[in-house]
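Numbering (the UniProt record's numbering), first residue to last: 1 to 102. No residue lacks a Cβ here, since even glycine has one placed at the ideal position from N, Cα and C. Because the structure is a prediction, the values reported are computed rather than measured. Single-structure report; data block below.
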């Protein structure tokens, strides 16, 4: 039994390839994550488009790795603040590095 030929679609034989247009997924959320990353020194902040969650990782040396996850940027900031409070009480937050202009 043979299949009927349904020659439709942009990838069908005999057609010229069409240009691929990249679509940014959750562009606003990625921008928010980038802003948080720049604002919160000592943290690496990113957004996962597949999970639609914000993530923050401690960027200074700690005893155990810490990765925070939240569904909103505001919730992530609250978690980051709480974590910094705990690390500060333990004396595990290094002094801020001051940059000297060259």
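Would you mind sorting residue i into buried or exposed? The rule is 16 or more other CB atoms within 10 Å of its CB.
i: residue 86; result: exposed
i: residue 81; result: exposed
i: residue 64; result: exposed
i: residue 100; result: Any reading at residue 100 must be qualified, since the residue scores a pLDDT of 49, below 50, and its modelled position is unreliable; no value is offered.
For the candidate residues the options, whose alpha-carbon lies nearest to that of residue i?
i: residue 32; options: 21, 48 and 42; result: 48
i: residue 70; options: 56, 62, 63 and 64; result: 56
i: residue 88; options: 72, 53 and 58; result: 58
i: residue 60; options: 42, 24 and 16; result: 42
i: residue 50; options: 93, 29 and 78; result: 29
i: residue 40; options: 92, 79 and 20; result: 79
i: residue 27; options: 15, 52 and 14; result: 52
i: residue 90; options: 62, 22 and 25; result: 62
Less than 8 Å between C-beta atoms, sequence neighbours within five positions excluded: which residues of the same chain meet that for residue i?
i: residue 97; result: Note that residue 97 scores 45 on pLDDT, short of 50, meaning its location in the model is unreliable; the coordinates nonetheless yield the value given after this. Hits under 8 Å: none found.
i: residue 25; result: 49
Is the beta carbon of residue j closer than 9 Å to that of residue i?
i: residue 54; j: residue 75; result: yes
Which residues in the same chain have their Cβ closer than 6 Å to the Cβ of residue i, if we skip the five residues on either side of it in sequence?
i: residue 45; result: 33, 36, 37 and 56
i: residue 93; result: 87
i: residue 77; result: none
Which whole-angstrom value describes the C-beta separation of residue i and residue j, a residue pair presumed to lie in contact below a C-beta threshold of 8 Å?
i: residue 18; j: residue 10; result: 5 Å
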